[in-house]
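Residue numbers (this note's numbering), protein chains in the order written: chain A, 15 to 484; chain B, 15 to 484.
We put the beta carbon where it would ideally sit given N, CA and C, even for glycine.
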């Protein structure tokens, strides 16, 4: 932060804090930095479980207290939306293209950038937010808007109608060609050409002349079956005659799964009838308030959907609109501490900790284990006596096949001290981390609870501190 | 935007758009501005109803299309959270202090700034987000953190114990004074002094010596009744002996309404017993996942709460996590247009419109009326035949006592052309606008639907366009 800005902030604080405060405090504020702060964390993109600390911050109490809100603000929504995106990815399967389209419903422009970035980490393929594309290198995708189609009334409004064949040669009037194809398509589909909206046809022709290699259609501005679909097929077949291939269609209303199957049928019929093999596999994209339930419905009923745009239900996370990460004091001046509450679930686990993920013989993690920092690491293949949170009264024996220490030190002495992964690396790590989970832990509905445990020594420390505070 | 930045953006667009695009298009993009755009709007902070356009944007189609996402992104969440804040204000009543505390659960730092700004507009009094205070001039408030209290073990850790009386004179050891008051308070409250946590007492003393005119307590780090409350009363009474007055307490767990009454009882008992009249009215603040239901519970059961901090349920709006404002094309080249859908609720109302709010004799608005821009304004006291949305088949007669045109032109020829109100002015306008509503329209549960209507001419235009598109 520049000196001038820092002075302005300190002056502001002076204006709102009680006038009894010593000047020395404000002088001290102006000297504050993170040079004595150390941060350890579980690598970004890792699956984490409730109660397991994924970030540990050491340093002067005042400084680390000032970091509390900043860190929670940066982590809570990022983790929430990445998790939500990962749920959509799990439901959609690995091959579905998923586009984040939440800019309009996010908490302003910066909330939307966070949504784009962390949806990508969670497993989305691309975003409609061009600024997120520019800033973070996330692939961008878009389709056509209804308003573009509505802005045309008829073919006379198409300003540029001529397109040369892809292989070269004299330009052809694409509008005339599309009109003649429309007749043939309407015969095949048994729908009256008079019901194909002329403004929509004009919009498609106009788009196709401008983007001959990237033509796509939005089918539902007017009637899909009698207008959008015949108009799209007519323009796509006209383009095909000139050597170009359409790249897709989008549907934004109605029963998307059912319509996708009907549209696929029409594409296949056109492909067969007009001998255009690629026509049967034109990608179908859908949007319109897509939720987890929508994806479940698509899977249940079957669909021919290739690409899904998700906005509101991705970025606002309506199934759980907030994530309640907390930042708790666990040690002061080398002494572990504990805030007692009546709710065992809300008890903090005292002391600086090492965290281990224990894997079974099949390579699935089966438990996260918290130990005191000074304890020796558990060994692979050796039996351990531990206490599982939620049933602390009994000792459980486990024998991990592999033991992974989860925390790394990312920041020390005021410096980042570990190379930070790129966004695509974090995204890949997230999918790897999720894929390691056993299916019972990974499933979205009623997953088997993943046990989190403490070592015997940590448990004894907890009992001792609780005894002392009562 | 600087030339260099603009060039970088255009270069990015060139890199992601199809390579078939003419260079001239990118040259054109670099010249784009809003000089031909006009924006009319209903004044910020006004109550608005579904289906009534609150912003109308005129200009070249390409430019106003580019504004779509920006405007929706800026308006949707802002309107949603202001509305949510206004609901909390209606439930809490005009005298309750409401603090926005959502920074940790908002969509990153900028989402949180939007939350603070628009919660204030919706009727909150202050925010815990210091940056929002600095940037927007919103009053800031905070209390003590549990971690501050937990960081103390005993009175020996209090570094500065001496405080001079307010009226001047020799400094007194506040820790010793508080210890002696604790004995007396514990006798009065019939609770053993040994149960009052010494670290908590040390934290309170330390805070009081630093902020003698602004002492406040957080009561629930340990047991409220046996530790937090006696410790707070002891320090507050010690301060009182030196001429200082405590400013409040906060509770962050448990049954807040019930505890507030018990705490008020203790304050009144102390006030009476030790003859400190102001003690009975020490403000009680509460926090901890406060929702609309919490406020309803406080009202139903009665409470002694004076101030409420609301975070998650304010900023993430869990009852409705997104607002679905849309931006629709209603006129092209002077011709009104219509996108047909099967759902009448989603039909756009064609054409540029004037919007009137009609008031009854009691001064309550009873209907919003959309008219074509060129129609004469309805007159106060004259009967009108209109069509109410949702029952368009019949004509309804209404006679407004007052007619208010709602839209003003805020932006013309690339310039803001109307003075923009300050944040406190918008906040006041929001409360005035809400207070004008009749109680039946204003109530939060099952409010009487507020009718929105169109003029006969607008209705005829709609029928004619629908006829033409079918």
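Reference residue 54(A); option with closest CA among 70(A), 63(A), 61(A) and 40(A):
Sequence index remark: in the first chain, residue 54(A) carries index 40 (1-based). The option with the nearest alpha carbon to residue 54(A) is 70(A).
Quick check on residue 409(A): buried or exposed, where buried means 16 or more other Cβ atoms within 10 Å of its Cβ?
Here residue 409(A) is taken as the residue at index 395 of the first chain, counted from 1. With a threshold of 16 other beta carbon atoms within 10 Å, residue 409(A) falls short and is exposed.
How many Å lie between residue 268(B) and residue 242(B) at the Cα?
As a first step, residue 268(B) must be located in the second chain, where it is residue number 254. As a first step, residue 242(B) must be located in the second chain, where it is residue number 228. One C-alpha to the other measures close to 14 Å.
If you draw a straight line from the C-alpha of residue 156(A) to the C-alpha of residue 321(A), how long is it?
On the first chain, position 142 is the one that residue 156(A) refers to. On the first chain, position 307 is the one that residue 321(A) refers to. Rounded to the nearest angstrom, the gap between the Cα atoms of residue 156(A) and residue 321(A) is 11 Å.
Ignoring anything shorter than 4 residues or poking outside the segment 258–312 of chain B, list the alpha helix (DSSP H) runs there in chain order.
If we require 4 residues or more, the alpha helix (DSSP H) runs fully inside the segment 258–312 of chain B come out as 270–287.
For residue 114(A), which three-state DSSP category applies?
In the first chain, the residue the question calls residue 114(A) occupies position 100. When DSSP states are grouped into helix, strand and coil, residue 114(A) belongs to the strand group.
What residues match up with residue 399(A) in a beta bridge as DSSP calls it?
On the first chain, residue 399(A) is found 385 positions in, with the first residue counted as 1. When beta bridges are read from the DSSP output, residue 399(A) appears opposite 411(A).
Where the alpha helix (DSSP H) containing residue 163(B) begins and where it ends:
As a working mapping, residue 163(B) is identified with position 149 in the second chain. Annotation for residue 163(B): the continuous alpha helix (DSSP H) segment containing it runs 160–164.
Quick one: Cα of residue 397(B) to Cα of residue 385(B), how far?
By one-based count along the second chain, residue 397(B) stands at place 383. By one-based count along the second chain, residue 385(B) stands at place 371. Straight-line Cα distance between these residues: approximately 15 Å.
Does DSSP classify residue 102(B) as helix, strand or coil?
To locate residue 102(B), count along the second chain from 1; it is residue 88. DSSP, reduced to helix, strand and coil, places residue 102(B) within a helical segment of the structure shown.
In three-state DSSP terms, what is residue 190(A)?
Within the first chain, the letter at position 176 stands for residue 190(A). Residue 190(A) carries a helical assignment under DSSP once its states are collapsed to helix, strand and coil.
Given that a residue counts as buried once 16 or more other Cβ atoms are within 10 Å of its Cβ, and exposed if not, what is residue 118(A)?
Working through the first chain from its first residue, we reach residue 118(A) at position 104. The residue in question, residue 118(A), is buried, as its Cβ has 16 or more Cβ neighbours within 10 Å.
When you compare the CB positions of residue 249(B) and residue 281(B), do they come within less than 8 Å of one another, or not?
Locating residue 249(B) in the second chain gives position 235, where the first residue counts as 1. Locating residue 281(B) in the second chain gives position 267, where the first residue counts as 1. Between residue 249(B) and residue 281(B), the gap from beta carbon to beta carbon reaches 8 Å or more.
Write down the C-beta distance between residue 306(A) and residue 457(A) rounded to the nearest angstrom, noting that I regard them as a contact closer than 8 Å.
Walking along the first chain from the start, residue 306(A) turns up at place 292. Walking along the first chain from the start, residue 457(A) turns up at place 443. Between residue 457(A) and residue 306(A) the Cβ distance is about 13 Å, and since that is not below 8 Å, they are no contact.
Can you tell me whether residue 40(B) is helix, strand or coil according to DSSP?
As a position in the second chain, residue 40(B) is number 26, starting the count at 1. Note: residue 40(B) maps to helix in three-state DSSP.
Boundaries of the beta strand (DSSP E) in which residue 342(B) is found, first to last residue
Looking up residue 342(B) in the second chain gives position 328. Here residue 342(B) belongs to no beta strand (DSSP E), and DSSP marks it neither H nor E.
Threshold first: 3 residues or longer. Then list the beta strand (DSSP E) segments lying entirely within the segment 45–87 of chain A, N to C.
Within the segment 45–87 of chain A, the complete beta strand (DSSP E) runs of at least 3 residues are 52–55 and 69–72.
I need the straight-line Cα distance from residue 133(B) to residue 256(B), nearest angstrom please.
Residue numbering aside, residue 133(B) sits at position 119 when the second chain is read from its first letter. Residue numbering aside, residue 256(B) sits at position 242 when the second chain is read from its first letter. In this structure, the straight-line span from the alpha carbon of residue 133(B) to that of residue 256(B) is close to 39 Å.
Are residue 201(A) and residue 251(A) close, meaning C-beta to C-beta below 8 Å?
Position 187 of the first chain holds residue 201(A). Position 237 of the first chain holds residue 251(A). Taking C-beta atoms as the reference points, residue 201(A) and residue 251(A) fail to come closer than 8 Å.
Taking only beta-carbon positions, decide if residue 42(A) is within less than 8 Å of chain B.
One-based indexing of the first chain puts residue 42(A) at position 28. Chain B has no Cβ within less than 8 Å of the Cβ of residue 42(A).
So which of 96(A), 151(A), 215(A) and 179(A) has the shortest CA-CA distance to residue 165(A)?
Position 151 of the first chain holds residue 165(A). For the residues 96(A), 151(A), 215(A) and 179(A), the minimum Cα distance to residue 165(A) belongs to 215(A).
Taking the DSSP output, what are the residues bridged to residue 381(B)?
Reading the second chain from its first residue, position 367 is the one you call residue 381(B). Residue 381(B) is bridged to 372(B).
Ends of the beta strand (DSSP E) at residue 419(B)?
By one-based count along the second chain, residue 419(B) stands at place 405. Its beta strand (DSSP E) spans residues 416–419.
Looking at residue 141(B): is its Cβ nearer than 8 Å to the Cβ of residue 128(B)?
What you label residue 141(B) is simply residue 127 of the second chain in a count that begins at 1. What you label residue 128(B) is simply residue 114 of the second chain in a count that begins at 1. Going by C-beta atoms, residue 141(B) is not nearer than 8 Å to residue 128(B).
Residues in the segment 104–129 of chain B having any Cβ partner in chain A nearer than 8 Å
From the segment 104–129 of chain B, only 117, 118, 119, 120, 121, 122, 123, 124, 125, 126, 127, 128 and 129 have a Cβ closer than 8 Å to chain A.
Residue 79(B): contacting residues in chain A (beta-carbon distance under 9 Å):
In the second chain, residue 79(B) corresponds to position 65, counting from 1. By Cβ distance, chain A contributes 159, 161, 162 and 165.
Cβ of residue 251(A) less than 8 Å from any chain B Cβ?
As a working mapping, residue 251(A) is identified with position 237 in the first chain. Residue 251(A) does not count as touching chain B.
Chain B partners of residue 208(A), CB-CB under 7 Å?
On the first chain, residue 208(A) is found 194 positions in, with the first residue counted as 1. In chain B, no part has a C-beta under 7 Å from the C-beta of residue 208(A); the shortest such distance is about 11 Å.
Roughly how far, in whole angstroms, is the beta-carbon of residue 207(B) from the beta-carbon of residue 196(B), given that I think they are within contact range, below 8 Å?
As a working mapping, residue 207(B) is identified with position 193 in the second chain. As a working mapping, residue 196(B) is identified with position 182 in the second chain. Your pair residue 207(B) and residue 196(B) checks out as a contact, with CB atoms roughly 6 Å apart and the cut at 8 Å.
Complete runs of the beta strand (DSSP E) confined to the segment 209–247 of chain A [at least 3 residues]
Runs of the beta strand (DSSP E) inside the segment 209–247 of chain A: 230–232.
Taking residue 352(A) and residue 471(A) to be in contact with their CB atoms under 8 Å, please state how far apart those CB atoms are, rounded to whole angstroms.
In the first chain, the residue the question calls residue 352(A) occupies position 338. In the first chain, the residue the question calls residue 471(A) occupies position 457. The C-beta distance from residue 352(A) to residue 471(A) rounds to 15 Å, too long to meet the 8 Å contact threshold.
Would you say residue 30(A) faces chain B, with C-beta separation under 8 Å as the test?
Taking the first residue of the first chain as 1, we reach residue 30(A) at position 16. Yes, contact with chain B.
Considering just the uninterrupted stretch of the alpha helix (DSSP H) at residue 326(A), what are its terminal residues?
The sequence position of residue 326(A) within the first chain is 312, counting from 1. Residue 326(A) -> alpha helix (DSSP H) spans 326–329.
How many Å lie between residue 442(B) and residue 432(B) at the Cα?
In the second chain, residue 442(B) corresponds to position 428, counting from 1. In the second chain, residue 432(B) corresponds to position 418, counting from 1. It is roughly 19 Å from the alpha-carbon of residue 442(B) to the alpha-carbon of residue 432(B).
Anything in chain A within Cβ reach of residue 332(B), meaning under 9 Å, just list it in chain order.
Indexing the second chain from 1 puts residue 332(B) at position 318. Result: 332, 334, 335 and 336.
Contact criterion: CB-CB distance below 8 Å. Does residue 98(B) meet it with respect to chain A?
If you number the second chain from 1, residue 98(B) lands on position 84. Closer than 8 Å: no.
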